[in-house]
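S.K.: Below is the structure I would like to discuss, written out as structure tokens.
Written out as structure tokens, the structure reads:
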């Protein structure tokens, strides 16, 4: 009996030891799990300061792109010091500092560098952003890929008036949504001259049309890009394309110039395109300040081919329904901007600019008028009489054989915009805590002239509308 009791006690002791061992292993696993969770949590709390260009005004030029070395990994998630930042590249100048920091913004921010735009080898900025920025898609609603409509998370920046514009677009701090309809003409932005693009979801800092977000373009200058580059390409449908850029720094002065030209015949009839655009910048930088004068000039022509009936496209994939449909866009924009370091914690920035935009549109269509045989005048489609003569009933008239009546609609839009912006950035500590304050004032005044007319004509067999000099 005593032997059984001893065996029972030995078994109990071994069981107790196993339980204690299991408990220790269990607690150790919990400790390791807690440690593995705590490590990334600490890393997230120690994010490095990532500063972006998503600010209405550029504070100062960045160092030249080709002089910056690859950033080194900082152990332990520590923040980079000012000394390590300033020594990031060979011959690097003062790093670009923006009043916005990504992890301090309650919004999604995506930055696309100019090198990324160049790598996708797309001529238009909209196509490049679709390849490099999440949430961006483009729509060819105008019948020509040269002037697309950009959509970012359901909000549009379109070149067509009447479309709800939900994105604000800035170039070097200048709002380039046109005064007439808040439209955005992506075809007039020289993509080769872009230093970087910051896309941010809705932020009241950007003012009008920023309900869906803002697209902020920082352009290159002679301080940020130096060298010379020429790119020539060719392709199908008589595509020819050429770009160049040149940048040079001479002491405290710097110059930069970039141009793009493209032409093709299009893959449908009457859809040829010609694009010419230029960007230039002259800058001066001193120890306490910097000033730039730049210009953007463009002249584009697009042949647009809208939707066509399925039967026509099945017979000829290049078919168009009616023509002519052309757009001519012209731009001249001039900007003078600068910044002054008032004291070690305060910067004052200013900008004054002019933007002149002209568009001429020609659109050949069917018409709302019906000219019945025997009637002296034409009627509307709902049967109401008009004062438009019936050109199809006069004896011996070349139109008496019964061709279809058409119309050529023409519109002219001329927009002149002048404006200025002033901004102050302050980084003084408040009650011993780091602080960043940005304040500014912007004034824009636009003058818009809009003209339109309609010329009646006939629709030829190739569906080209030929006017006969009668205007309604």
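Numbering (my numbering), first residue to last: 52 to 523. For glycine and all other residues, C-beta sits at the position ideal for the given N, C-alpha and C. Given the structure is predicted, the values throughout are model-derived calculations rather than measurements.
Note down the Cα distance separating residue 293 from residue 335, rounded to an integer number of angstroms.
M.R.: Position 242 of the chain shown, counted from the start, is the residue given in the question as residue 293. Position 284 of the chain shown, counted from the start, is the residue given in the question as residue 335. Approximately 29 Å between the Cα atoms of the pair.
S.K.: By a C-beta neighbour count over all protein chains shown, 10 Å radius and 16 as the cutoff for buried, is residue 339 buried or exposed?
M.R.: Residue numbering aside, residue 339 sits at position 288 when the chain shown is read from its first letter. So residue 339 ends up on the exposed side.
S.K.: Just the Cα atoms here: how many angstroms apart are residue 299 and residue 481?
M.R.: Working through the chain shown from its first residue, we reach residue 299 at position 248. Working through the chain shown from its first residue, we reach residue 481 at position 430. The alpha-carbon atoms of residue 299 and residue 481 are separated by roughly 41 Å.
S.K.: Could you compute how far the alpha carbon of residue 484 sits from the alpha carbon of residue 249?
M.R.: Taking the first residue of the chain shown as 1, we reach residue 484 at position 433. Taking the first residue of the chain shown as 1, we reach residue 249 at position 198. Roughly 28 Å between the two C-alpha positions.
S.K.: If we ignore side chains and look at the alpha-carbon of each, how far apart do residue 276 and residue 307 end up?
M.R.: Translated into the one-based positions of the chain shown, residue 276 becomes position 225. Translated into the one-based positions of the chain shown, residue 307 becomes position 256. Computed Cα separation, rounded: 8 Å.
S.K.: Hey, quick one: how far does the beta strand (DSSP E) through residue 475 stretch, first residue to last?
M.R.: As a position in the chain shown, residue 475 is number 424, starting the count at 1. It spans 455-477 - the beta strand (DSSP E) in which residue 475 sits, taken as one unbroken run.
S.K.: Work out the CA separation of residue 391 and residue 400 for me, nearest whole Å.
M.R.: Numbered from its first residue, the chain shown carries residue 400 at position 349. Numbered from its first residue, the chain shown carries residue 391 at position 340. Cα to Cα, the separation comes out at about 6 Å.
S.K.: Might you give, ordered along the chain, the residues of its own chain that have their beta carbon closer than 6 Å to the beta carbon of residue 167, omitting 5 neighbours on each side?
M.R.: Looking up residue 167 in the chain shown gives position 116. Once the five neighbours on either side are set aside, the close Cβ partners of residue 167 are 183.
S.K.: Considering only the beta carbon of each residue, do residue 460 and residue 414 sit closer than 8 Å?
M.R.: In the chain shown, counting from the first residue as 1, residue 460 sits at position 409. In the chain shown, counting from the first residue as 1, residue 414 sits at position 363. Taking 8 Å as the Cβ cut-off, residue 460 and residue 414 qualify as a contacting pair.
S.K.: On the three-pair Cβ rule with 8 Å, is the region 317-328 touching the region 352-370?
M.R.: Contact holds: three or more Cβ-Cβ distances are below 8 Å.
S.K.: Could you tell me which of 227, 367, 505, 362 sits nearest to residue 382, measuring between CA atoms?
M.R.: Here residue 382 is taken as the residue at index 331 of the chain shown, counted from 1. When only C-alpha atoms are compared, the closest one is 227.
S.K.: In whole angstroms, what separates the C-alpha of residue 520 from that of residue 202?
M.R.: As a working note, residue 520 is residue 469 in the chain shown. As a working note, residue 202 is residue 151 in the chain shown. Distance between the alpha carbons of residue 520 and residue 202: 40 Å.
S.K.: Rounded to whole angstroms, what is the Cα-Cα separation between residue 215 and residue 302?
M.R.: What you label residue 215 is simply residue 164 of the chain shown in a count that begins at 1. What you label residue 302 is simply residue 251 of the chain shown in a count that begins at 1. Cα to Cα, the separation comes out at about 47 Å.
S.K.: Give the single residue among 462, 221, 318, 218 whose Cα lies nearest to the Cα of residue 379.
M.R.: The residue labelled residue 379 in the question sits at position 328 within the chain shown. Comparing Cα positions, the closest option is 462.
S.K.: Taking only beta-carbon positions, decide if residue 364 is within less than 8 Å of chain B.
M.R.: Protein chains in the displayed structure number just one, and chain B is not present.
S.K.: Taking only three categories from DSSP, how would you classify residue 240?
M.R.: For this step, residue 240 is matched to residue 189 along the chain shown. If DSSP states are grouped into helix, strand and coil, residue 240 belongs with coil.
S.K.: Below 8 Å on the Cβ atoms is my guess for residue 489 versus residue 476; work out the distance and round it to an integer in Å.
M.R.: The count along the chain shown starts at 1 and reaches residue 489 at position 438. The count along the chain shown starts at 1 and reaches residue 476 at position 425. The pair is a contact, with the Cβ atoms about 5 Å apart (cut-off 8 Å).
S.K.: Report the three-state DSSP secondary structure of residue 199 (helix, strand or coil).
M.R.: As a first step, residue 199 must be located in the chain shown, where it is residue number 148. Note: residue 199 maps to coil in three-state DSSP.
S.K.: How many Å lie between residue 506 and residue 522 at the Cα?
M.R.: Indexing the chain shown from 1 puts residue 506 at position 455. Indexing the chain shown from 1 puts residue 522 at position 471. Spanning the two alpha carbons is a distance of roughly 4 Å.
S.K.: Could you check where the alpha helix (DSSP H) with residue 363 kicks off and where it finishes?
M.R.: For the purposes of this step, residue 363 is identified with residue 312 of the chain shown, where counting begins at 1. From DSSP, the alpha helix (DSSP H) with residue 363 extends over 361-366.
S.K.: Assign residue 179 to one of three DSSP states: helix, strand, or coil.
M.R.: Sequence index remark: in the chain shown, residue 179 carries index 128 (1-based). DSSP places residue 179 in helix when its eight states are reduced to three.
S.K.: Can you round the beta-carbon distance between residue 537 and residue 343 to whole angstroms, since I take them to be within the 8 Å contact cut?
M.R.: Lying outside 52 to 523, the shown extent of the chain, residue 537 is not represented and no answer is given.
S.K.: Three-state secondary structure (DSSP) at residue 167?
M.R.: Counting from 1 along the chain shown, the entry for residue 167 is found at position 116. Correct three-state label for residue 167: helix.
S.K.: Which ranges would you report for the beta strand (DSSP E) in the region 310-345 if only whole runs of at least 3 residues count?
M.R.: 324-336, all fully within the region 310-345.
S.K.: Output the residue ranges of the alpha helix (DSSP H) runs that lie fully inside the region 359-436 and measure 4 residues or longer, sorted by chain position.
M.R.: Entirely contained in the region 359-436, the alpha helix (DSSP H) runs reaching 4 residues are, in chain order, 361-366.
S.K.: How many whole angstroms separate the CB atoms of residue 212 and residue 237, which I take to be in contact at a CB cut-off of 8 Å?
M.R.: Residue mapping note: residue 212 aligns to position 161 of the chain shown, counting from 1. Residue mapping note: residue 237 aligns to position 186 of the chain shown, counting from 1. Between residue 237 and residue 212 the Cβ distance is about 15 Å, and since that is not below 8 Å, they are no contact.
S.K.: Within its chain, find whatever has a CB closer than 8 Å to the CB of residue 77; leave out the 5 residues flanking it on each side and keep chain order.
M.R.: For the purposes of this step, residue 77 is identified with residue 26 of the chain shown, where counting begins at 1. Below a pLDDT of 50, predicted positions are generally treated as unreliable, and residue 77, at 44, falls in that range; the measurement from the model is reported next regardless. Contacts found: none.
S.K.: Beta carbon of residue 330, beta carbon of residue 244: below 8 Å?
M.R.: As a working mapping, residue 330 is identified with position 279 in the chain shown. As a working mapping, residue 244 is identified with position 193 in the chain shown. Cβ atoms of residue 330 and residue 244: closer than 8 Å.
S.K.: So residue 416 packs on residue 373, CB below 8 Å; how close in whole Å?
M.R.: As a first step, residue 416 must be located in the chain shown, where it is residue number 365. As a first step, residue 373 must be located in the chain shown, where it is residue number 322. Sure, about 5 Å apart at Cβ, within 8 Å.
S.K.: Go ahead and pull the three-state DSSP assignment for residue 210.
M.R.: Within the chain shown, residue 210 is the residue found at index 159, counting from 1. Coil, per DSSP.
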